[in-house]
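Working notes, structure below.
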Amino acid sequence: MSDAALEVEELHAGYGDVAVLRGVSLSVAAGAITCIIGSNGAGKTTLLRAVSGLVSARAGRVRAAGQDLTNAGPEAMVRAGVVHVPEGRRLFAAMSVRDNLLMGAYLRRDQAAIRRDLERVYETFPRLAERRHQDASTLSGGEQQMCAIGRGIMADPRVLMIDELSLGLAPAAVDLLMDALRAINAAGVAILLVEQDVMAALDVAHAGYILDRGSVVGAGSSAALAADPMIREAYLGAV
Ligand code: ATP
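In terms of the working numbering, the sequence shown is residues -11 to 227.
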């Protein structure tokens, strides 16, 4: 597909003897928000880790920016514009918000562009601008997630992969973050969102994939997925 920002083809990955991904194929359209939903242990985190080079692909392909980047490693993925915001945020607790954000730009050299993107992050998340000199450890959960996403933006991504955006956050914080995702996407960044809050994910995303025990078992527009009786029963607790 020519308009894909990221393509995953028949990807297999796992840990030791354990096969987690069993031939996953998906496509993240440039300019869209795509979500991956699935129950605990379905392999969602492993999928993001295999794409970003933190776990080796045992078979299959990962393509981005017109290149085959299968097992190219985390740094090559970031250079190609595929940036991972990990589950749990993984901020540097004893560093300031600003310094955490600047860590995202560690592969970049254009200081003017870095300064411009830092201002953009502060415009997207005014709360981070107010707290730029505070240690990350003093942030609320929602603010930490803003900082983790902001750090991802500082890498100048084409595709931002976000693992469990809403985990442990209050509904108001989730709403704010979802609005920020829409704005980031509208500015031209494709987003691949792993989310356990299926309703919130289908609300923000244009399209989605259902992952079950390491395989894609459903895919479609968010509207089609949200209307599918099987998905409503399995993931939305409705019939
Ligand atoms: P969750 O939402 O619970 O994080 P998930 O869909 O993201 O679920 P993964 O975290 O990718 O799922 O885990 C998929 C499977 O891989 C699980 O059975 C898990 O126990 C196993 N697994 C994950 N990380 C490791 C690891 N480092 N070593 C061994 N097995 C692992």
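Backbone N, C-alpha and C fix where the C-beta goes; we use that ideal spot for every residue, glycine too.
In this text the structure is predicted, and so the values were computed from the model without any measurement.
So what does DSSP say about Y94, is it helix, strand or coil?
-> In this structure, DSSP gives Y94 a state outside helix and strand, which the three-state scheme calls coil.
Where do the ends of the alpha helix (DSSP H) carrying V66 lie?
-> Note, V66: alpha helix (DSSP H), P62 to R67.
Secondary structure of M83, DSSP reduced to three states = In the three-state DSSP reduction, M83 falls in the coil class, being neither helix nor strand.
Contact set for S84: own chain, Cβ-Cβ below 8 Å, skip 5 residues either direction = R120, H121, Q122, D123 and A124.
How should Y3 be labelled, buried or exposed, when 16 other C-beta atoms within 10 angstroms of its C-beta is the threshold for buried?
-> Burial is judged here by how many other beta carbons sit within 10 angstroms of a residue's own beta carbon; Y3 has fewer than 16 and is exposed.
Considering A168, what are the terminal residues of the alpha helix (DSSP H) in which it resides?
-> Segment P159 to A174, the alpha helix (DSSP H) holding A168.
Cα-Cα separation between G208 and A82, rounded to whole angstroms | Roughly 42 Å separates the two Cα atoms.
Determine which residues share a DSSP beta bridge with Q99 and list them.
-> In the DSSP output, where bridge partners are listed per residue, Q99 has none listed.
Does at least one heavy atom of the ligand ATP sit under 7 Å from the Cβ of V6?
-> True, at least one ligand heavy atom lies under 7 Å from that Cβ.
DSSP bridge partner residues for M149 (one or two, in chain order) | Looking at the DSSP assignment, M149 forms a beta bridge with H72 and L180.
Among Q99, N88, L14 and A193, which residue has its Cα nearest to the Cα of L127?
-> When each option's Cα is compared against that of L127, the closest is N88.
Of all the CB atoms in chain C, is at least one closer than 8 Å to the CB of I219?
-> No chain C is part of this structure, which consists of one protein chain only.
Can we count A193 as close to the ligand ATP, meaning its CB is less than 7 Å from some heavy atom?
-> Checking every heavy atom of the ligand ATP against the Cβ of A193, none is found closer than 7 Å.
Per-residue burial, Q133 [other beta carbons within 10 Å of its own, 16 or more giving buried] | Only buried fits Q133, as 16 or more other CB atoms lie within 10 angstroms of its CB.
Can the beta-carbon of N173 be found less than 8 Å from the beta-carbon of I21?
-> The Cβ atoms of N173 and I21 lie closer than 8 Å to each other.
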